[in-house]
Amino acid sequence: MTTGELLIWGGAGVTLLGVVGLVACVIWVLRLRRQGLDDAALRRGLQKGVMANMAALFVSVIGLMMVIMGIAFA
Numbered sequence: 037m038t039t040g041e042l043l044i045w046g047g048a049g050v051t052l053l054g055v056v057g058l059v060a061c062v063i064w065v066l067r068l069r070r071q072g073l074d075d076a077a078l079r080r081g082l083q084k085g086v087m088a089n090m091a092a093l094f095v096s097v098i099g100l101m102m103v104i105m106g107i108a109f110a
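Listed below in structure tokens is the structure:
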């Protein structure tokens, strides 16, 4: 495998991890909403969800950048 191919496949894997994280965040928020929490508790839970969502989005972006670099090197 060339360096470009490794970057493409590695980036695809990293992007997939980020997408899985985004789906997990959606499930997290849906579960919180179904629990019927008061405003303060819901807000605390959503703040944690937003942090996880931003981290998953960041991982996804890094993976996509790896794919683009792999295409450039291929």
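Residue numbers for the sequence shown, in the numbering used here: 37 to 110. For glycine and all other residues, C-beta sits at the position ideal for the given N, C-alpha and C.
- Rounded to the nearest whole angstrom, the C-alpha separation of Leu52 and Arg79 is 28 Å.
- Annotation for Met105: the continuous alpha helix (DSSP H) segment containing it runs 75–109.
- Below 8 Å, too few C-beta pairs join the region 69–87 and the region 40–59 to call them touching: fewer than three.
- Secondary structure of Gly54 (DSSP, three-state): helix.
- The straight-line gap separating the alpha-carbon atoms of Met87 and Leu66 is approximately 16 Å.
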